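A short worksheet on the structure shown next.
Have a look at this one:
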């Protein structure tokens with residue numbers, strides 16, 4: 001810390017640094033001022049040299065001025081003579097110019113009339129050319145439109161013929177497929193014929209009626225019902241029965257949704273479709289041929305077989321669309337006949353009660369609904 005006293009303040013570092021800065025500032029100012037003075041002295045010396053040269057040039061210019069004044073006087077006399085001559089020439093020029101203006105106006109009038117006539121001729125020629133071009137363009141456009149209309153008419157007529165042929169072939173093919181489907185359905189509509197074996201009334205359970213036609217019995221098996229959208233003509237769901245041993249490993253699918261099998265060329269040729277229209281009716285023919293293949297050669301289904309008589313294998317189809325209730329039964333009889341399927345095994349096995357109450361003889365040659 002600083003203590004009181006003037007002598008101590010003078011020798012402080014702050015005071016010394018301030019003095020050094022002031023000295024530096026003054027030296028810089030002095031150097032800049034001296035430099036500026038030196039530049040000014042150089043400029044003064046240059047101006048003195050230029051002043052001397054100006055004095056000499058001024059003397060020379062005065063002598064030249066006197067000589068030029070003398071020349072000017074002589075030029076004035078010559079100019080006066082030339083002026084008189086010029087006045088005469090101007091008068092002659094005015095007369096000639098009047099004649100020239102008169103002739104020029106006449107020539108301009110002739111040129112304007114000629115230009116106007118030539119412009120009219122050019123305009124008429126251009127109009128004729130434009131009209132000719134328009135006529136040619138309209139003629140070409142009319143010819144093109146006529147040709148396009150003719151080609152469009154021919155295309156429409158050919159397309160109508162092809163469409164009519166395609167429609168006829170498709171209708172014939174669909175009629176054929178419908179007839180085949182109806183024939184297959186008629187084969188499947190045959191009811192299982194036979195008769196129930198006589199059972200002792202003593203061993204009959206309550207609610208059972210003796211000697212009932214098998215066609216009057218309908219069996220509903222909910223565990224083996226198929227998909228809800230796969231129904232028969234009576235609105236009942238078609239069952240999906242197990243094939244063989246339910247515990248056996250399942251084989252691969254016959255058809256793939258991702259990679260459908262290609263249609264053989266023989267089937268397309270046998271469908272009586274023209275070659276030009278194969279691309280148009282490919283989807284409809286493919287669907288029809290797939291349906292025909294599925295219906296013509298159905299796979300042999302290994303259903304639930306019960307060796308009741310020891311001789312013939314009887315196949316029971318639960319939920320078949322051919323078992324229809326008779327209309328002449330009352331509510332009690334219908335309730336006793338309507339089998340709910342609660343006591344049936346979900347795997348498709350039949351117990352003793354079902355064997356005794358459902359002894360139906362089915363012809364092995366009859367097709368089985370899948």
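Numbering (the UniProt record's numbering), first residue to last: 1 to 370. Backbone N, C-alpha and C fix where the C-beta goes; we use that ideal spot for every residue, glycine too. These numbers come from a predicted model, not from an experiment.
- Along the chain, which unbroken stretches of the beta strand (DSSP E) at least 3 residues long are found entirely within the region 108 to 168? none
- Query: Which residues share a DSSP beta bridge with residue 237?
  - Reply: Counting from 1 along the chain shown, the entry for residue 237 is found at position 237. The partner list for residue 237 (beta bridge, DSSP) reads 231.
- Can you tell me whether residue 57 is buried or exposed, with buried defined as 16 or more other CB within 10 angstroms of its CB? Position 57 of the chain shown, counting from 1, holds the residue named residue 57. Label assigned to residue 57: exposed.
- By the 10 Å Cβ neighbour count, where 16 or more other Cβ atoms means buried, how is residue 177 classified, buried or exposed? Here residue 177 is taken as the residue at index 177 of the chain shown, counted from 1. So residue 177 ends up on the buried side.
- Item | residue 219 burial status per 10 Å Cβ neighbour count (16 or more: buried) | The sequence position of residue 219 within the chain shown is 219, counting from 1. Buried is the call here.
- With 16 other CB atoms within 10 Å as the buried threshold, where does residue 345 fall? In the chain shown, the residue the question calls residue 345 occupies position 345. Only weak support exists for where residue 345 lies, its pLDDT of 46 falling under 50; the value from the coordinates is given anyway. Per the 10 Å Cβ criterion, exposed.
- Return helix, strand or coil for residue 256, following the three-state DSSP convention. Along the chain shown, read from residue 1 onward, the residue named residue 256 stands at position 256. The answer is coil: DSSP assigns residue 256 none of H, G, I, E or B.
- Just checking my contact of residue 261 with residue 255 at CB under 8 Å: how many whole Å lie between their CB atoms? Residue mapping note: residue 261 aligns to position 261 of the chain shown, counting from 1. Residue mapping note: residue 255 aligns to position 255 of the chain shown, counting from 1. The pair is a contact, with the Cβ atoms about 7 Å apart (cut-off 8 Å).
- Contacting residues, own chain, Cβ-Cβ under 8 Å from residue 19 (five flanking each side not counted): Against the chain shown, residue 19 aligns to sequence position 19. Taken in chain order, the list of residues that qualify is empty.
- Helix, strand or coil for residue 65, going by three-state DSSP, please let me know. For the purposes of this step, residue 65 is identified with residue 65 of the chain shown, where counting begins at 1. Helix.
- Rounded to whole angstroms, what's the CA-CA distance from residue 67 to residue 46? Just pull it up for me. Here the question's residue 67 lines up with position 67 in the chain shown. Here the question's residue 46 lines up with position 46 in the chain shown. C-alpha separation (whole angstroms): 32 Å.
- Message: I need the DSSP call for residue 33, collapsed to helix, strand or coil.
- Response: As a position in the chain shown, residue 33 is number 33, starting the count at 1. In the structure shown, residue 33 sits in a helix (DSSP, three-state: H, G or I).
- In angstroms, rounded to a whole number, what distance separates the CA positions of residue 110 and residue 85? Here residue 110 is taken as the residue at index 110 of the chain shown, counted from 1. Here residue 85 is taken as the residue at index 85 of the chain shown, counted from 1. Computed Cα separation, rounded: 37 Å.
- Query: Considering only residues of the region 69 to 106, which uninterrupted alpha helix (DSSP H) runs meet the minimum length of 4 residues and lie entirely inside it, listed in chain order?
  - Reply: none
- Message: Quick check on residue 217: buried or exposed, where buried means 16 or more other Cβ atoms within 10 Å of its Cβ?
- Response: What you label residue 217 is simply residue 217 of the chain shown in a count that begins at 1. Per the 10 Å Cβ criterion, buried.
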